[in-house]
Amino acid sequence: MRMVTVRLAAGATLAQAMEELGLPEEEVDTGYGLVAIDPAQGLYGLRVTEAGARRMDPEAGGGPYSDPPIEPYGPPR
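Residue numbers (full-length UniProt numbering): 1 to 77.
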């Protein structure tokens with residue numbers, strides 16, 4: 001999965017984002033959802049598949065970005 005930022009209308013929903021961006025449900029992490037980063041500026045975060053990220057218009061936002069898993073460093077103490 002890739003993290004992307006997108007520009008949408010204020011108060012956008014995940015369903016609206018998927019429709020506007022042309023992303024089918026199987027290319028979106030619906031469990032992560034649509035996260036408001038700066039709603040006043042219409043900036044939201046969304047996790048999508050690699051294929052979905054490649055198809056997105058770069059003018060729609062500011063991503064894609066890598067989304068590495070967060071894990072502890074070294075043995076537990």
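Every residue gets a Cβ at the ideal spot worked out from N, C-alpha and C, and that includes glycine.
For residue i, the three-state DSSP class (helix, strand or coil)
{"i": "residue 3", "result": "strand"}
Unbroken beta strand (DSSP E) run spanning residue i, endpoints
{"i": "residue 47", "result": "43-48"}
{"i": "residue 36", "result": "35-38"}
Residue i versus residue j: straight-line alpha-carbon distance, rounded
{"i": "residue 33", "j": "residue 53", "result": "15 angstroms"}
{"i": "residue 21", "j": "residue 12", "result": "12 angstroms"}
{"i": "residue 50", "j": "residue 3", "result": "10 angstroms"}
Distance cut-off 7 angstroms: residue i Cβ against heavy atoms of the ligand HEM
{"i": "residue 31", "result": "Looking at this structure, you won't find the ligand HEM or any other ligand, since it has none at all."}
Span of the alpha helix (DSSP H), counted from its first residue to its last, around residue i
{"i": "residue 18", "result": "14-21"}
Practice task
Indicate whether the contact test is met: 3 or more Cβ pairs, each with one atom in the segment 69-77 and one in the segment 34-50, closer than 8 angstroms.
Solution key: no
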